[in-house]
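Chains as they are written, first to last, in the numbering used here: chain Z, 1 to 86; chain S, 1 to 86; chain L, 1 to 86; chain H, 1 to 86; chain C, 1 to 86.
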Amino acid sequence: MIAAKVIDKIWATRKADSLIGLKFMLVEVIGGIDAGRLMIAADSIGAGMGERVLVCTGSSARKMLDRNDAPIDAIIIGIIDEDCTF
Amino acid sequence: MIAAKVIDKIWATRKADSLIGLKFMLVEVIGGIDAGRLMIAADSIGAGMGERVLVCTGSSARKMLDRNDAPIDAIIIGIIDEDCTF
Amino acid sequence: MIAAKVIDKIWATRKADSLIGLKFMLVEVIGGIDAGRLMIAADSIGAGMGERVLVCTGSSARKMLDRNDAPIDAIIIGIIDEDCTF
Amino acid sequence: MIAAKVIDKIWATRKADSLIGLKFMLVEVIGGIDAGRLMIAADSIGAGMGERVLVCTGSSARKMLDRNDAPIDAIIIGIIDEDCTF
Amino acid sequence: MIAAKVIDKIWATRKADSLIGLKFMLVEVIGGIDAGRLMIAADSIGAGMGERVLVCTGSSARKMLDRNDAPIDAIIIGIIDEDCTF
Numbered sequence: 001m002i003a004a005k006v007i008d009k010i011w012a013t014r015k016a017d018s019l020i021g022l023k024f025m026l027v028e029v030i031g032g033i034d035a036g037r038l039m040i041a042a043d044s045i046g047a048g049m050g051e052r053v054l055v056c057t058g059s060s061a062r063k064m065l066d067r068n069d070a071p072i073d074a075i076i077i078g079i080i081d082e083d084c085t086f
Numbered sequence: 001m002i003a004a005k006v007i008d009k010i011w012a013t014r015k016a017d018s019l020i021g022l023k024f025m026l027v028e029v030i031g032g033i034d035a036g037r038l039m040i041a042a043d044s045i046g047a048g049m050g051e052r053v054l055v056c057t058g059s060s061a062r063k064m065l066d067r068n069d070a071p072i073d074a075i076i077i078g079i080i081d082e083d084c085t086f
Numbered sequence: 001m002i003a004a005k006v007i008d009k010i011w012a013t014r015k016a017d018s019l020i021g022l023k024f025m026l027v028e029v030i031g032g033i034d035a036g037r038l039m040i041a042a043d044s045i046g047a048g049m050g051e052r053v054l055v056c057t058g059s060s061a062r063k064m065l066d067r068n069d070a071p072i073d074a075i076i077i078g079i080i081d082e083d084c085t086f
Numbered sequence: 001m002i003a004a005k006v007i008d009k010i011w012a013t014r015k016a017d018s019l020i021g022l023k024f025m026l027v028e029v030i031g032g033i034d035a036g037r038l039m040i041a042a043d044s045i046g047a048g049m050g051e052r053v054l055v056c057t058g059s060s061a062r063k064m065l066d067r068n069d070a071p072i073d074a075i076i077i078g079i080i081d082e083d084c085t086f
Numbered sequence: 001m002i003a004a005k006v007i008d009k010i011w012a013t014r015k016a017d018s019l020i021g022l023k024f025m026l027v028e029v030i031g032g033i034d035a036g037r038l039m040i041a042a043d044s045i046g047a048g049m050g051e052r053v054l055v056c057t058g059s060s061a062r063k064m065l066d067r068n069d070a071p072i073d074a075i076i077i078g079i080i081d082e083d084c085t086f
């Protein structure tokens, strides 16, 4: 997984039917040599703007959705505690 | 997923049989440290030249096709709204 | 797999239900051109702070967990012996 | 997928039994920030030296082979048309 | 797949049970912009120190093992012939 910060929402009216109802967030990787990488992750946990999140990528990202057939390769799986000072 | 811009079409007359009928677009990653990365993505949503799109990569990319056995590792899954100012 | 060093713990109170009970460690890639890359890996082997570990990524990462449906893309699969001088 | 140029053949007499009969080509990524990356891709389409090809990576790469159990993570899935001027 | 050189062995006494009996080699990517990347790959083909090998990554890496449930994301699948001058 990677640690990232939620920096924006992504709106896509035209999209695959299996994605309807999913929220998409723009996240920016925090720390290390990948800092500044942007990714778009689905969110089913209710992450807010500016929060630090755990993002799971790849086929495992689908495991959190009810619909395992959605074309999703990244999802927010947790909110990093505010007092977690890594 | 990554945000990318459609910059060209790719034509391949000789290709795997399971790819016949699919459109392939050259897309360029937008923003962050990966900006300028080129990828070729299948398109089943009708993305137009210059549009900003959501691209799903990896095994999840096959989930949007009827034919789950196509050798596809990237697909356009949505068009980012024009007034989405990320 | 990659060789990495455990440098911190990650706490996430709000997370996917299937992740409850799992420990998450911040690891830093050791050696080569990826040195300094940060990743968050689940740990089911009891790795300690500062230890050098083997991290498996991708869908294979789920193979070590009882619950194959957890949204996990990286896991600590072994502790590199202290006297292993690579 | 990525666009790449076939630059050499790779010979490996000692290899996994499930790979016997497969051709392996050294390809170099074309264009963008990944230009110059080298990959080895299986070829079941008859790509020639110097041709520009479409390469599919990851688990999807196995979808083009009869033998789905071969340890293959990259395969040439098409030849880019010569008059395709991207 | 990537071409890499075997540069060391990795010893890990404490590891996942499903990994017992597997050999782990430290390999360094050869050529291109990824030259110098280090990876740890399982070896079931008997690669020797200094040999150039083909490494398969991702979920496909498990396809060469009898035990498909091992948490393995990279494996040596062949030895590049010594007289192969790429």
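Quick reminder that beta carbons are idealized off the backbone N, C-alpha and C, glycines included. Bear in mind that the values here come from a model prediction, so they are computed numbers and not experimental data.
Whole-angstrom distance between residue j and residue i, CA atom to CA atom
i       : j       : result
S:Asp22 : H:Leu65 : For the record, residue 22 of chain S in the displayed sequence is Leu; it is not Asp. Spanning the two alpha carbons is a distance of roughly 19 angstroms.
H:Lys63 : H:Thr13 : 24 angstroms
S:Leu26 : H:Glu51 : 18 angstroms
L:Cys84 : L:Val53 : 12 angstroms
Z:Ser59 : Z:Ile72 : 8 angstroms
H:Leu19 : Z:Asp34 : 35 angstroms
S:Ile45 : Z:Ser44 : 24 angstroms
H:Ala74 : H:Ala4  : 12 angstroms
L:Gly32 : C:Gly32 : 14 angstroms
L:Ile80 : C:Phe24 : 11 angstroms
L:Arg37 : Z:Ile30 : 10 angstroms
C:Glu82 : C:Gly48 : 13 angstroms
H:Ala70 : C:Val55 : 13 angstroms
L:Thr57 : L:Ala42 : 10 angstroms
C:Ala61 : C:Ile76 : 8 angstroms
L:Lys15 : Z:Lys15 : 27 angstroms
L:Glu28 : S:Asp17 : 43 angstroms
H:Phe86 : L:Phe86 : 44 angstroms
Residue i in three-state terms, based on DSSP
i       : result
C:Asp73 : coil
H:Met49 : coil
Z:Arg67 : coil
Residue(s) in a DSSP beta bridge with residue i
i       : result
H:Ser57 : Reading off the sequence, residue 57 of chain H comes out as Thr, not Ser. In the DSSP output, where bridge partners are listed per residue, H:Thr57 has H:Ala74.
H:Leu96 : No information on residue 96 of chain H is available, as it lies outside the stretch 1 to 86 that chain H covers here.
C:Lys15 : L:Gly78
L:Ile33 : Per DSSP, none; premise fails for L:Ile33.
L:Ile2  : L:Val55
Cβ neighbour criterion (16 or more within 10 Å) applied to residue i
i       : result
H:Gly78 : buried
L:Arg67 : exposed
H:Met1  : buried
L:Ile10 : buried
H:Met39 : buried
Z:Ile7  : exposed
If you measure beta-carbon to beta-carbon, which residues of the segment 35 to 66 of chain C are closer than 7 angstroms to chain D?
Protein chains in the displayed structure are Z, S, L, H and C, and chain D is not among them.
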